[in-house]
Ligand code: NDP
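In the working numbering, the protein residues as written are 147 to 643.
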């Protein structure tokens, strides 16, 4: 552990194949949310640093050092990256827990998924793509896919490694060069990922990483004319700002934003399975998951029984430091975020909702220096309350009651978000009927949360634009070119001569 701490004591950015401090040498502390300790110092990147990274990516793209490689060769780099992630899995897992706070178990899954994501795109990029069309003779029409160019990738702190990989793997597979910005709160595992890129010998300038504040570095990436696309994951408010900023240079934009996702439990569902998944849906990652099932809707005939059992189980969740193997739920990521979640809990009380369990910061049991919050349940809520409408992004759930299928769907769709949603029922037809009415991009029947590299991830409504993962996630990072070849080379004869 001491060795690990020494290794991350001072981070650097990766620009044009070199490790760099920020141009003005400023740094910011990186905090372990389980105990408030400073674990590292990260460069406070500037606009000049962002521009250096953008120019490096531009040059590498224009010279074709990456896009010009056969897909097989790009794929072989990606396979090597996946192997290295496996090789460093233990280190990456511990670093993720130290920086983000998530449990070792959660971090371990993320690391495994990250390696699998690189392998998935390494495989996909060598498969056939494009189309040919039968148009009027003597023309052969076809479509080819090409990289977009320089892609700006901006990610949040809740899955520091995995969210980075969801963007980096497909964008590199497609032949783009990248300027990547991790969250200032969690730059540690992204930095390790870039060490891996160096180790496998990615050509200079292909993958660049700039750290620093979103409104400075992120904004420069979103606005710079030499960046062809911006792919962003984060809050809806920031996403709207990025979309407006990117409009000036007409960049391609892909946005994975927030959610307030419904988890609908019908009376005919397997009760214990529904309770179990509902707990997982909200308290995994301490609720700091974009797809969290933060609104549980329960059919009125089982409502009281459900709330009682759910609260009973929630109280038993073992909250503690992520590096304790017995911990089931870790801290929130930062003091700032802790304060935000606690403010929402206060707001819920002021709005007239009732706390069925939790509702407090945890300071006992040696957790006083960390940012821990009890698994919290609100009941007696109304649809228009802010705790029902707004993303809290913490271990706070509202449990609402519904009469019938129609009301469940109305409540479920009744926010500005449309990221995810679940339905629990033993009636297969009803399950599918309800899912088809949900205005959400990611859905589950009798399950919640599991997702796969093969399947698209993204939201309807104000939860975003575009999709990550699967073939859809690759296409986000590709342009489509129409090619028409005249097979009979003679004048068209449109004008008299
Ligand atoms: P933010 O929107 O605050 O930040 C996300 C990233 O954007 C960070 O790197 C941040 O930089 C950067 N940023 C902030 N302001 C700007 C700006 N003006 N211009 C460019 N970049 C900027 O989100 P959080 O980090 O708080 O993450 C939580 C949010 O992410 C939640 O709403 C969650 O739902 C969403 N999310 C969505 C997912 C999805 O797939 N739909 C997945 C995961 C999370 P910095 O913080 O370093 O200043």
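Quick reminder that beta carbons are idealized off the backbone N, C-alpha and C, glycines included.
Let me know the secondary structure DSSP gives residue 321 once reduced to three states. Under the three-state reduction of DSSP, residue 321 is assigned to coil, being neither helix nor strand.
Considering just the uninterrupted stretch of the beta strand (DSSP E) at residue 354, what are its terminal residues? That run of the beta strand (DSSP E) goes 353–355.
Count the CB pairs spanning the stretch 419–437 and the stretch 398–410 that are closer than 8 angstroms, and state whether there are at least three. Contact check between the stretch 419–437 and the stretch 398–410: three or more CB pairs, one atom from each, fall below 8 angstroms, which counts as touching.
Would residue 402 and residue 182 qualify as a contact pair, given that the criterion is a beta-carbon distance under 8 angstroms? Not in contact: residue 402 and residue 182 (Cβ atoms no closer than 8 angstroms).
Which of helix, strand or coil does DSSP assign to residue 240? Note: residue 240 maps to helix in three-state DSSP.
Relative to the C-alpha of residue 631, which residue among 202, 152, 284 and 263 is closest? Nearest C-alpha to residue 631: 284.
Check the DSSP bridge columns for residue 611 and list the partner residues they point to. DSSP, once it has assigned bridges, lists 401 as partnering residue 611.
For residue 616, which three-state DSSP category applies? Three-state result, residue 616: helix.
With respect to 7 angstroms, is the separation between the Cβ of residue 387 and the closest non-hydrogen atom of ligand 1 below this value? Yes, Cβ of residue 387 sits closer than 7 angstroms to a heavy atom of ligand 1.
Taking 7 angstroms as the cut-off, is the C-beta of residue 476 nearer than that to any heavy atom in ligand 1? The closest heavy atom of ligand 1 lies 7 angstroms or more from the beta carbon of residue 476.
Indicate, with yes or no, if ligand 1 has a heavy atom lying under 7 angstroms from the CB of residue 335. For ligand 1, not one heavy atom lies less than 7 angstroms from the Cβ of residue 335.
Under 8 angstroms between C-beta atoms of residue 274 and residue 306: In this structure, residue 306 does not lie closer than 8 angstroms to residue 274 by Cβ.
Would the stretch 250–260 count as touching the stretch 223–240 if we require 3 or more Cβ pairs under 8 angstroms? Short answer: they touch.
In the DSSP assignment, what are the bridge partners of residue 391? According to DSSP, which records beta bridges pairwise, residue 391 is partnered with nothing at all.
Comparing the CB of residue 300 with every heavy atom of ligand 1, is any distance shorter than 7 angstroms? Checking the Cβ of residue 300 against ligand 1 gives yes.
Using beta-carbon positions only, say whether residue 203 and residue 324 come within less than 8 angstroms of one another. If you check the CB distance, residue 203 and residue 324 come in under 8 angstroms.
Does DSSP put residue 507 in a helix, a strand or coil? The answer is strand: DSSP assigns residue 507 an E or B state.
Here's the rule: buried if 16 or more other CB atoms are within 10 angstroms of the residue's CB, otherwise exposed. What is residue 624? Counting the other Cβ atoms within 10 Å of the Cβ of residue 624 gives 16 or more, which makes it buried.
Name the DSSP beta bridge partners of residue 174, please? Within the DSSP secondary-structure output, residue 174 pairs in a beta bridge with 188.
When you compare the CB positions of residue 619 and residue 602, do they come within less than 8 angstroms of one another, or not? One thing to note: residue 619 has its Cβ within 8 angstroms of the Cβ of residue 602.
Flag this pair as touching only if the stretch 519–533 and the stretch 496–509 have three or more C-beta atom pairs under 8 angstroms; answer yes or no. Yes: at least three Cβ pairs fall under 8 angstroms.
Determine which residues share a DSSP beta bridge with residue 632 and list them. Partner(s): 285.
Measure from the alpha carbon of residue 161 to the alpha carbon of each residue in 250, 429, 333 and 350, then state which is nearest. Taking only the C-alpha atoms, the option nearest residue 161 is 350.
Range covered by the alpha helix (DSSP H) that runs through residue 222: Per DSSP, the continuous alpha helix (DSSP H) segment holding residue 222 begins and ends at 217–233.
Measuring alpha carbon to alpha carbon, tell me which residue in 533, 448 and 473 is nearest residue 416. Ranking the options by Cα distance to residue 416, first place goes to 448.
Mapping DSSP to helix, strand and coil, what is residue 565? Here residue 565 sits in coil by DSSP.
Does DSSP put residue 441 in a helix, a strand or coil? Under the three-state reduction of DSSP, residue 441 is assigned to strand.
Compute every distance between the C-beta of residue 331 and the non-hydrogen atoms of ligand 1, then say whether any falls below 7 angstroms. Residue 331 Cβ: within cutoff of ligand 1.
If you follow the alpha helix (DSSP H) that residue 605 is in, where does it begin and where does it stop? For residue 605, there is no enclosing alpha helix (DSSP H), since its DSSP letter is neither H nor E.
Is residue 488 near ligand 1, in the sense that its beta carbon is under 7 angstroms from a heavy atom of that ligand? No, since every heavy atom of ligand 1 falls outside the 7 angstroms radius drawn around the Cβ of residue 488.
What alpha helix (DSSP H) runs, 4 residues minimum, are completely inside the stretch 541–603? Runs of the alpha helix (DSSP H) lying entirely within the stretch 541–603 and spanning at least 4 residues, in chain order: 551–558 and 574–583.
Thinking residue 597 and residue 567 are a contact (beta carbons under 8 angstroms), I'd like their distance in whole angstroms, please. Their Cβ separation, rounded to whole angstroms, is 13 angstroms, which puts residue 597 and residue 567 out of contact at 8 angstroms.
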